[in-house]
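Engineer: I have a structure I would like to understand better, so I am pasting it below and will then ask my questions one at a time.
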Amino acid sequence: MTEARKQRLEELLADRALWGLEEGEQQELRHLLDEFGLDEQEALDSWETSTSLLTVAFLGNREENMPEGLAKTLETDALKHFLKNQSMSLEDVSNAIEPEEHKPRLTAVPASRPWASWLLTAAAVLLSAFLIADRFATETLPSLADQRSELVASATDLLRYDWSEGPSDLRGQPSGDVMWSDEQQSGFMTFRGLPANDKQSTQYQLWIFDKERDAAKPVDGGVFDIPAEGGEVIVPIEAKIDVREAFGFAVTVEEPGGVVVSEREHIVVLAGL
Amino acid sequence: MDTPSLTSVAAGNLGAMDSCLQAYGRVVWSLARRALASDEEAEDATQEIFLEVWKNAERFDPERGSEKTFILTIARRRLVDRLRRQGGRPGAEPLPDGDELVAVEERKSADLEDEVERVYAALAQLKPEQKLVLELCLIHGESHRAIGERIGMPLGTVKSHARRGLKRVRELLADCLPMSPGEVTP
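Which chain is which? The protein sequence lines are A and B, in order.
Anchor point for the first sequence: position 255 equals 245 in the numbering used here, and the numbering is continuous, going up by one each time.
Anchor point for the second sequence: position 140 equals 141 in the numbering used here, and the numbering is continuous, going up by one each time.
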């Protein structure tokens, strides 16, 4: 193993994980992996895991909510995938109901077998469909308004403030409230009159002031969008770290994805401060 | 979470798929949105990534890393493929300023899982130019050529910073990474 070839192998593995390789480079990588007796998939997994760990760190808490439409599409895709696999297993079930060793007995009534098999399969499919429908009915998340009502009903330490206007010119004519439970680490904001944001250039970001933390470093409560449709908008609070004793809230306008430390240039609403 | 979602997904649990979407949908979407040129494309990519996750769930081994890392590995692979098909993404987003790079280090103090804390610690040991090149590649999906043009750095230097930075991170995180027997160790 010459040092130069080992170094070239590492370069190619790094490039593959970061940017992908051209066909010629890919062939070179395979030759080098063979030369060093390495498993291609395991070597790639290892380097790709490195880039994934770095990606997690770079993204930090700049995660954004998915568009609602996409979230629903992904749920549908998941269901389709599930059903696809489910139908395969139903064939297995059908086969299990009618195992190979019983064939001689069944051949005695050949006309009935296809129907019996079809009926068993159809029954299993229908049963499965009912079970899935029931499962989805029970797993469907309640609306945000319902979740907020649930929080109001269940939290024994609920903090609730009306929004007051912040100093920024971007504030519009906001009203609404914010509620939070330290115990449940959950809360909701309600807005009316806060201008819709262009999510390509800005997002709103909530900051939660915690009595047990430095007031100069409020907790990131997540980024959110206000759609153009207007009306009342309910936004769940997604505190990135535990809030021990919340006492105030502020919403700022930031770059898409939010920031780690706000310049507080555009504070649009405040509560409890 | 006692049983990893992906283990349950592999076992055919529909509820686990939902848990997985809830837990990792945002991070995959955020990555796709930053790497790709339009929301529409990012949505397509996110769909594609999760289909790949469902298909490969049985490959997940909790002994070899976290679910998040597993899913992001699939996500990165799909995004790299997409970007290569397009011939690399033009530098469409503003260059991250110094604050963003500082911010990565500040996040060390947040209450995060051990694995990620260790990556933050490793990141803090990289040279600023290594971090910058890696962030532009991994988060903004930029090709080495686009990065070079954006920050006025020769192509070879861009690659060199990225490779050295990644290699250094692998050295610092050696025990977090899956290694095959006889692999070139960091």
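We put the CB at the ideal spot given by N, CA and C, even for glycine.
No experiment lies behind these values; they were computed from the predicted model shown.
1) If V142(A) sits next to A261(A), beta carbons under 8 Å apart, how far is it from one beta carbon to the other, in whole angstroms?
2) How long is the line joining the alpha carbons of D45(B) and P57(A), rounded to whole angstroms?
3) Using a C-beta to C-beta distance shorter than 8 Å, which residues of chain B count as neighbours of S40(A)?
4) Short of 7 Å in beta carbon distance, which residues of its chain neighbour E235(A), apart from the five on each side in sequence? Order them along the chain.
5) Going by DSSP in three states, S171(A) sits in which element: helix, strand or coil?
6) Does V259(A) pass the burial test, meaning 16 or more other C-beta atoms within 10 Å, or should it be called exposed?
7) Considering only the alpha carbon of each residue, which of G220(A), K230(A), Q17(A), G238(A) lies closest to P164(A)?
8) Out of curiosity, what's the CA-to-CA distance linking L43(A) and T74(B)?
9) Measuring straight from C-alpha to C-alpha, what distance separates K69(B) and L34(A)?
10) Could you compute how far the alpha carbon of W55(B) sits from the alpha carbon of P185(A)?
11) Alpha carbon to alpha carbon, how far is E118(B) from R52(A)?
12) Are the C-beta atoms of H145(B) and some chain A residue less than 8 Å apart?
13) Just to confirm before moving on: does the CB-CB distance between I224(A) and R150(A) stay below 8 Å?
14) Report the partner residues of F181(A) according to the DSSP bridge assignment.
15) I'd like to know if F72(A) contacts chain B, where contact means its C-beta is closer than 8 Å to some C-beta of that chain.
16) Report the partner residues of W197(A) according to the DSSP bridge assignment.
17) Name the residues in the stretch 49 to 76 of chain B whose C-beta lies less than 7 Å from a C-beta of chain A; which are they?
18) Please state the DSSP three-state secondary structure of I257(A).
19) Taking any Cβ of chain B, which residues in the stretch 177 to 206 of chain A have a Cβ under 7 Å from it, in chain order?
20) Say whether the stretch 151 to 163 of chain A touches the stretch 174 to 192 of chain A, bearing in mind that this needs 3 or more beta-carbon pairs closer than 8 Å, one atom from each stretch.
21) By DSSP, does D152(A) sit in helix, in strand, or in coil?
22) Suppose the cutoff is 7 Å on Cβ atoms and the five residues either side in sequence are ignored; what does the same chain contact list for V10(B) look like?
23) Determine the direct distance from the alpha carbon of C138(B) to that of G59(A), and round the result to whole angstroms.
24) Shortest alpha-carbon distance to G27(A) belongs to which of S154(A), K(-4)(A), G14(A)?
25) Looking at chain B, which residues of the stretch 232 to 250 of chain A have a Cβ within less than 9 Å of any of its Cβ atoms?
26) Does chain B have any CB closer than 8 Å to the CB of F214(A)?
27) For the stretch 31 to 49 of chain B, enumerate the residues whose C-beta is nearer than 8 Å to any C-beta of chain A, in chain order.
28) Expressed to the nearest angstrom, what Euclidean distance is found between the alpha-carbon atoms of R151(B) and L80(B)?
29) Report yes if the CB atom of W197(A) is closer than 8 Å to the CB atom of S154(A), and no otherwise.
30) So L133(B) contacts chain A; which residues on that side make the cut at Cβ distance below 8 Å?
31) For S36(A), decide whether its Cβ has a neighbour in chain B, counting only Cβ atoms nearer than 8 Å.
32) Which residues in the same chain as D210(A) place their Cβ atom closer than 6 Å to its Cβ, once the five residues preceding and following it in sequence are excluded?
33) Tell me which residue opens and which closes the alpha helix (DSSP H) that L11(A) is part of.
34) Among the residues of its own chain, which have a CB less than 6 Å from the CB of I140(B), if the five just before and after it don't count?
35) With respect to the alpha helix (DSSP H) encompassing G262(A), which residues constitute its N-terminal and C-terminal limits?
36) So, is the C-beta of T63(A) closer than 8 Å to a C-beta in chain B?
Structural biologist: Considering the structure as presented:
1) About 16 Å separates the two Cβ atoms, so there is no contact after all.
2) 12 Å
3) What S40(A) touches in chain B: L167, V170, R171, L174, L178.
4) D172, D200, K201, E202
5) strand
6) Looking at its Cβ environment, which holds 16 or more other Cβ atoms inside 10 Å, V259(A) is buried.
7) Looking only at G220(A), K230(A), Q17(A), G238(A), the smallest Cα-Cα distance to P164(A) is reached by G220(A).
8) 9 Å
9) Taking the straight line from one Cα to the other gives about 17 Å.
10) W55(B) and P185(A): Cα-Cα distance of roughly 39 Å.
11) Looking at the two C-alpha atoms, the distance is approximately 16 Å.
12) So, interface residue.
13) no
14) G166(A), V223(A)
15) Yes, F72(A) lies at the interface with chain B (some Cβ there is under 8 Å from its Cβ).
16) D210(A), A240(A)
17) F51, L52, W55, G66, K69, T70, L73, T74
18) strand
19) none
20) yes
21) strand
22) A17, M18, C21, W55, A58
23) Going by the C-alpha atoms only, they are around 28 Å apart.
24) K(-4)(A)
25) D232, E245, P246, G247, V249, V250
26) Output row for F214(A): interface = no.
27) S31, L32, R34, R35, D40, E44, T47, Q48
28) R151(B) and L80(B) have their C-alpha atoms some 20 Å from each other.
29) no
30) In chain order: nothing, as chain A lies at least about 11 Å away.
31) yes
32) N51, K230
33) Careful: L11(A) lies outside any alpha helix (DSSP H) and carries neither H nor E.
34) R35
35) Taken as a continuous stretch (DSSP letters only), G262(A) belongs to no alpha helix (DSSP H), as it is neither H nor E.
36) yes
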